[in-house]
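Notes follow the structure.
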Amino acid sequence: MGGFLDYIQGTSFLHRLNPLTKLLIAFLLCVACFICDRHLFVLGIIVLNLLLAGVAGKEVLLRSLNMLRALVKFSAFLFVIQILFVREGTALLHLPFGLVITDRGLSFSLLFVLRLFAATMPIGLMLSVTRMSDLSNVLVEKVGIPYQYTFALTTTLRFIPLFSQEMAGIMEAQTARGVEFDTKNFFKKIRLLMPLCVPLLISSVKKIDGAAVSTELRGFHLRNRNSGYKKYCLKGADAAALAMMACIMTCAVIL
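Residues in the sequence shown are numbered from 1075 upward in steps of one, following my numbering.
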């Protein structure tokens, strides 16, 4: 089962963009949603992310929708917390225990949740249409970041789905032994998951040690800015995409 950060094969417009352009698009979309405090503008960025995912392919769109669905569950909790503790503004509803819902609290909480969606989705989208090797190489070649740092970044991203799959395997093994992880009691579930951290940690250390030995044997310490064989040139499509991002940033500043 693929993770949220796994690369999805494709030949779409987004797939063909320069990896550095994709990074800039994700970064500028995230910045734009925090510059502007208009709800409709931030909602428009979310819709734009879904449209870009649709252009990248059906599988990318389904992954974006699944990510959005996962964020809804998490953001619902944050929305309730925010709306109950922001007391500025006109009171709309009085609740027991002295709690009150205000118009500013409602507006701020909604904007907070929308920004969470708008800032998270571009990163997942761009990672879905970009190979980790290309991301690492372009950061070294174009940005000048030392290879050791880019390797650490991309390796971390690669290991996230691996650790998730490893944890799922451990949980399945414990479920077969009679452990019930589907309990609705939050604290009981945490108590059941805590002992699983030890085997996960041991397995993770083994994988990391194997990866470290493998990279050393392949001359990891000899890599530099000119070691890559693939060149990442900016094309007309990259200029058009960055121009569109410049327009979005301008609108965010004006609004």
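All residues carry an ideal CB built from backbone N, CA and C; glycine is no exception.
Values in this document were obtained by computation on a predicted structure and should not be read as measured data.
For residue 1175, the uninterrupted beta strand (DSSP E) segment begins and ends at 1174-1176. In the DSSP assignment, residue 1165 is bridged to 1176. For residue 1221, the enclosing alpha helix (DSSP H) begins and ends at 1221-1250. Here the alpha carbon of residue 1176 sits roughly 8 Å from the alpha carbon of residue 1157. Here the alpha carbons of residue 1185 and residue 1150 stand approximately 13 Å from one another. Contact between residue 1266 and residue 1194 is ruled out by a C-beta separation of about 28 Å, above the 8 Å threshold. The region 1229-1245 and the region 1277-1287 touch, with no fewer than 3 CB-CB distances between them shorter than 8 Å.
Within its own chain, the residues whose Cβ lies closer than 6 Å to the Cβ of residue 1273, once the five positions on either side in sequence are excluded, are 1244, listed in chain order. Setting aside the 5 residues that flank it on each side, residue 1187 is surrounded in the same chain by 1149, 1152, 1153, each with a C-beta closer than 7 Å to its C-beta; the list follows chain order. Residue 1111 sits in coil when the DSSP states are folded into three classes, being neither helix nor strand. Here residue 1120 really is in contact with residue 1191; their C-beta atoms are around 5 Å apart, less than 8 Å. For residue 1257, no alpha helix (DSSP H) run applies, since DSSP gives it neither H nor E. In this structure, the CA atom of residue 1091 is about 26 Å from the CA atom of residue 1327.
Residue 1116 holds the alpha-carbon nearest to the alpha-carbon of residue 1329 among 1116, 1289, 1203, 1086.
Within the same chain, Cβ atoms closer than 8 Å to the Cβ of residue 1216 are found at 1094, 1306, the five residues on either side in sequence being excluded.
Look at residue 1096 here: in three-state DSSP terms it is helix. In this structure residue 1102 is buried. Its beta-carbon is surrounded by 16 or more other beta-carbon atoms within 10 angstroms. If you draw a 10 Å sphere on the C-beta of residue 1224, you find 16 or more other C-beta atoms in it, and that means buried. Contact check for residue 1183 against residue 1160 passes: the beta carbons are separated by less than 8 Å.
Nearest neighbour of residue 1099 by Cα position, chosen from 1126, 1110, 1111, turns out to be 1126. Spatial neighbours of residue 1165 in its own chain (CB-CB distance under 6 Å, excluding positions within 5 residues in sequence) are listed in chain order as 1174, 1176. Closest in alpha carbon position to residue 1246, among 1323, 1162, 1084, 1270, is 1270. As the crow flies, the alpha-carbon of residue 1281 is around 14 Å from that of residue 1241. Cβ-Cβ distances below 8 Å link residue 1162 to 1176, 1178, 1179 in the same chain, with the five nearest sequence neighbours on each side left out; the list follows chain order.
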